[in-house]
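Numbering (this note's numbering), first residue to last: 478 to 1603.
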């Protein structure tokens, strides 16, 4: 997004001109507004981050990107909007020292102080500030007498002289900051917006004034509304992903999301003559897409990780269920967390707040690293003696503060009783299964954040222990305790906190429908829930989308059986999200569904119009299958429309695509109200009908089919008795139930080990086979026959325990099984591009180029999703050939390719894919290897590269430029090039790169076409023999209109033929709509009869050609050609 501002006494007005809609995570389209000369305009480049939360692992890539951008800019700054701490134990256990060191070396210019930058306490904060080479800014923070004596008053702002341009960076923080109260003793925090208004004088001292804030996106918008003198607001705290600047009251606001996933890139154009900011543009660079690495920074990161590796890599337990923090009540991780505190402190009750649980623990080994990641704040435990009445007040407050569950619990179970909208009415508390007694005393253990008043909590009672140890220590100790007893750390959610709707409370809102069985979000994590189905059905109906899809965290609460009211629906919506519809692919839907299920270790997305099946193996989600409700598969090559919410659309991990469908659908809760109103009868759902989880690790063994006379290894293990023939692969030998030799030199002849896969290494899926001392042992043992390793064999014997595990003994016969040659199924090019370097891949796609244009017989392949270069010398290829090729995924000069080709075959022919229309800036790694086209590009810097005729030039479209390289091997050489600097051309070619240079590579002369007028129109009027130049009585006129489309995409055209009398009345009116394909023409013939009463110049004949498809929406700007005769 680009905007222009014209300031007079710091008054800002905004002119927004939209010439193209393109929403992208990695680029933004930049219209041109200013007419100033290049000498007058200074471009200030701002690189910005926020809410890094100690995520330093990608700092090598981030540093390289920032350095490259700053080196390419004449004026630049690197700014951070706060919360650099708390989120990575490698940093947090050293109280932030590693990240400060790294940011110093990365050249950070200034940082806003964030709430989590107080998390280590004031003593450590002073050390980090003193170690920093950049200022920590905060205008609304006042350090008083009670604070650490060495903590200095932070600067409110910093004015930088950036090569002659005075840039002011002003900063404010959330008030009060969300950190443990002990961390801010003696420090006060004023209202950030009121504080900002006091600094208007900075506009007279600076050329450009930036607000670097840590107050959250909502308050940034309020700041922009109430304070109009900032040229830019760089925000933090809310972790909001703004893919392009959001303009509020003329002020652009940017934010990168958080956790070092993106780097913000903003360009401010400043006019040195007028002393005005003329435009601001911005986009986010996704860090995962970066490839260049600053080795010095990365070596520092690696060293810090290695330094903490021995401590953090220690395995302290195992979980088969995973420990998830998400849910509407008690959660898996919350239950483990509070059980740990109660075990560690021997308390009656343990409580912890949801906001302090910062991540999930996936199924598998639990390491110390996981514990320090989920609790990065170094919170200590307090023990407080409280009455039952005081505990009940805490539970009441915990729910009322946001009308949702906030406290996880151990020792205490509680029920929240609400009215029909979910508002608190009462609660019922039990300790060890007995109702809590108001006057009885209970020992309650809590974290010191909420125990000392954080988030407004008041734990009224006598403090028995101020510090009972760290929360992290309690979880580590409890995990080791459970492990020592041979127990996995497995938990279920929904066991300790329940809800009830009071029948006595008055109904709130207007009745709009009813439900017989009730609707709840309780099962959101295990499948589709009744409330989730209603939400997803509603947004889908509102947008007429193919599917509806909503994140489970946005679907909360329950509706009791009975009347449904609009007030109830509105109250349940805690977020006020807007409905959004977008075009997407099956591939992207699968990615989002699977990745979010992995992250949450459960279902995350509620759906409508769609069924999906999550496949789980060994406690982890590995695949997802999508079908329509009737069981038919989705079309992998089709685009579908999906309705979801604006939060999901703005978050990279949920975003389904860039092309929006429709707009102004309203809020999600409004869509639900509209949907409920039109339903006939009660609204009820059968939960579990849309989403299922298939857990292969717990499924019952399948008996062999009747036409098979052997059992598999898995079947033999599951039913280890009787006689059977077992088929499997020989994978090794065994010396004990836990000691298997899979390769190397085999030393035993008495047994072998079989499995259903030649690569199986899971001991639970192996079966040992005792070899009798006869010809069978001679033929099968691996010591004498090492070539048998990996062979498929059938052995007949008795199924019984061997080495104390299921086995096969008393063999009577064996038979090697000859396997058919495996058919290698090709994968998509997208999958090949994401494979590990060196992995052998097979793809089948259409060649977009002839072979040999760029070395040996190399060529480019492209399928529906992506493209890639194939470097080979085995076979000649023509564009349009369908090629199946097998080779290794490789990289040359930073461009991905398939190399070391072992097999290549032409399997057919197909149309060459249509080039993707892009702007120069949109030629990126996202479309590398694909056929693209840029239109109306101006040639500059044309130059010969070598003596063979290879040449290059810059192609510029609206201030965006890409380098074009034409290799002489395409058949076009420099001396034969028909164009010169300044010419305007359409250029088709391959999106490519050479090291750090993005390139567009045409395939020859035909790929560069002079830009013609968009249309060529010929209109002729004849009376059957001669051309008509004047209207005459009783005349028959043939109007013939020929339209040629010189553009690259199909266009809609309307030909209007109108005969009007002198009073303006239409006597004849003909409208014909055409669809004209690229580089083709269509002709329309219309007959017009002049009335016999025609006298003089009483009639006018008009022939008008419009661009468009709806005449009612057209105006004079849409006229292509017009002819009038009288």
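Glycine is no exception: its CB is placed at the ideal position from the N, C-alpha and C atoms.
With 16 other Cβ atoms within 10 Å as the buried cut-off, status of residue i
i, result
"residue 1510", "exposed"
"residue 1556", "exposed"
"residue 599", "buried"
"residue 741", "buried"
"residue 458", "Residue 458 falls outside the range modelled here, since the chain spans only 478 to 1603, and no answer is possible."
"residue 981", "exposed"
"residue 1017", "buried"
"residue 993", "exposed"
"residue 715", "buried"
"residue 697", "buried"
DSSP three-state assignment for residue i, whether helix, strand or coil
i, result
"residue 1255", "helix"
"residue 1467", "strand"
"residue 1593", "helix"
"residue 1607", "This structure gives no information on residue 1607, because the portion of the chain shown stretches from 478 to 1603."
"residue 1608", "Given a span of 478 to 1603 for the chain in the structure shown, any question on residue 1608 remains unanswerable."
"residue 950", "helix"
"residue 919", "strand"
"residue 1190", "helix"
"residue 936", "coil"
"residue 1489", "coil"
"residue 1587", "coil"
"residue 961", "helix"
"residue 637", "strand"
"residue 789", "helix"
"residue 1552", "strand"
"residue 1435", "coil"
"residue 610", "coil"
"residue 809", "helix"
"residue 1421", "strand"
Under 7 angstroms between C-beta atoms of residue i and residue j
i, j, result
"residue 1295", "residue 1287", "no"
"residue 648", "residue 589", "yes"
"residue 1193", "residue 1208", "no"
"residue 1262", "residue 1248", "no"
"residue 707", "residue 728", "yes"
"residue 1304", "residue 1322", "no"
"residue 1070", "residue 1101", "yes"
"residue 1535", "residue 1579", "yes"
"residue 1244", "residue 1153", "no"
"residue 1439", "residue 1582", "no"
"residue 1586", "residue 1529", "yes"
"residue 825", "residue 735", "no"
"residue 945", "residue 822", "yes"
"residue 1421", "residue 1451", "yes"
"residue 1344", "residue 1337", "yes"
"residue 1272", "residue 1314", "no"
"residue 529", "residue 737", "yes"
"residue 685", "residue 747", "yes"
"residue 953", "residue 848", "yes"
Okay, do the stretch 922-932 and the stretch 819-833 touch, 3+ Cβ pairs below 8 angstroms being the bar?
yes
Tell me, please, whether the stretch 1119-1132 touches the stretch 1019-1036 by the rule of three or more beta-carbon pairs shorter than 8 angstroms.
yes
Segments assigned alpha helix (DSSP H), at least 4 residues, entirely inside the stretch 687-753
694-703
Taking one C-beta from the stretch 1377-1385 and one from the stretch 1393-1405 each time, how about it: are there three or more such pairs within less than 8 angstroms?
no
Going along the chain, which unbroken runs of the alpha helix (DSSP H) with 4 or more residues stay wholly within the stretch 1278-1340?
1306-1311
Counting Cβ pairs, one atom from each stretch, are 3 or more of them under 8 angstroms apart for the stretch 912-923 and the stretch 860-871?
As far as the Cβ criterion goes, the stretch 912-923 touches the stretch 860-871, which means the pair count is three or higher.
Do the stretch 600-617 and the stretch 669-683 touch if we need at least three Cβ pairs shorter than 8 angstroms?
yes
Three-pair Cβ contact test at 8 angstroms for the stretch 1544-1553 versus the stretch 1484-1491:
no
Should the stretch 1407-1416 be called in touch with the stretch 1424-1444, which here means at least 3 C-beta pairs below 8 angstroms?
yes
Would you list, in sequence order, the uninterrupted beta strand (DSSP E) runs of no fewer than 3 residues that lie entirely inside the stretch 1015-1048?
1024-1028, 1039-1042
Within the chosen definition, does the stretch 570-583 reach the stretch 774-781 through at least 3 CB pairs nearer than 8 angstroms?
yes
Give a yes or no on contact between the stretch 516-528 and the stretch 549-558, applying the rule of three or more CB pairs nearer than 8 angstroms.
yes
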